[in-house]
Amino acid sequence: MKYSRPFRFNHNHLSYSGRFRTKALASVIWFGLLFLPLTCASGVSSAEPAAAAAEPVEVFDVGKEEVVATFPNSQELREQADRWLQAVQRLSGRADMEAEQGIVIHIPLNPPLLVKHSWLSIQAADLYLFIDPRTKENPHMLVFSNEGKPYVFDGPANPEPFLQQYHLLELLKR
């Protein structure tokens, strides 16, 4: 049985209308919600870089409904996430956050990154990059502030170099 628009995002809060269309979507959401409290509660300060590196980057396969890869979080990844966040022009116009296939890359940002634009200023604690193999050149990012507030942005215009660097293109071809 299929449901329309199971998960809707309105840039101020999450609201649910209907039921989840697939178990995959529910898994992605629970994946995020399970790890968000751990990230927000950790309280890692910038004086503790070793603790920041301890929380790994996780790659969730939507079709398999499981984490299929992890790799160490690094300063290089933080800098990449920072470049993506500083490059955003506005909140995404996406009405919903459905993931039917592809991968979701969770990058913990401890300590949180400052995202400062004329229209927004937040401390980003977690970044989830949603990449669908059909439209990988048009990913989107779900970012949680250190207060737990969600924001959706259009992702990097060309994530392929990032995906190649971390050997993630193979996961999109499965």
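Numbering of the sequence shown is given in my numbering, commencing with residue 819 and proceeding in unit increments.
C-beta atoms are modelled at their ideal positions from N, C-alpha and C, and glycine is treated no differently.
As the structure is a prediction and not an experimental result, all values here were calculated from the model.
Proximity to residue i [Cα-Cα], best of the options
| i | options | result |
| --- | --- | --- |
| Leu909 | Leu938, Phe889, Glu894 and Thr888 | Leu938 |
| Tyr984 | Ile925, Gly973, Lys934 and His935 | Ile925 |
| Leu903 | Glu965, Tyr946 and Gln982 | Tyr946 |
| Gln982 | Phe971, Lys954, Leu960 and Lys967 | Lys954 |
| Phe962 | Val922, Val886, Pro930 and Glu916 | Pro930 |
| Glu918 | Glu894, Asp879 and Pro979 | Asp879 |
| Gln898 | Pro974, Phe948 and Val970 | Pro974 |
| Arg901 | Leu932, Pro890 and Ile923 | Leu932 |
| Met915 | Asn891, Ile923, His958 and Lys882 | His958 |
| Pro977 | Glu883, Val922 and Gly881 | Val922 |
| Asn964 | Ala942, Val970, Glu883 and Glu873 | Ala942 |
| His935 | Gln907, Leu987 and Ala887 | Gln907 |
| Leu927 | Arg912, Glu894, Glu883 and Asn956 | Glu894 |
| Asp972 | Ala887, Leu960, Val877 and Leu990 | Leu960 |
| Pro874 | Leu987, Leu989 and Ser892 | Ser892 |
| Pro968 | Phe889, Leu989 and Ile940 | Ile940 |
| Lys991 | Ala887, Gly966 and Arg952 | Arg952 |
| Glu876 | Thr888, Glu884 and Glu883 | Thr888 |
Residue interval of the alpha helix (DSSP H) (run including residue i)
| i | result |
| --- | --- |
| Lys991 | Leu987 to Lys991 |
| Asp900 | Gln893 to Ala905 |
| Pro979 | Glu978 to Gln983 |
Inter-residue CB distance, residue i and residue j (contact presumed, cutoff 8 Å)
| i | j | result |
| --- | --- | --- |
| Gly920 | Asp950 | 4 Å |
| Leu989 | Val886 | 6 Å |
| Arg912 | Val970 | 6 Å |
Extent of the continuous beta strand (DSSP E) run through residue i
| i | result |
| --- | --- |
| His929 | In the sequence as presented, His is not what sits at residue 929; that position holds Pro. Here the beta strand (DSSP E) through Pro929 covers Ile921 to His935. |
| Asp879 | Val875 to Asp879 |
| Asp944 | Leu938 to Ile949 |
| Thr888 | Glu884 to Phe889 |
| Pro968 | Pro968 to Asp972 |
| Leu960 | His958 to Ser963 |
Heavy atom of the ligand NAD within 7 Å of residue i beta-carbon
| i | result |
| --- | --- |
| Arg896 | With respect to the ligand NAD, the structure shown offers nothing to examine, as it has no ligands at all. |
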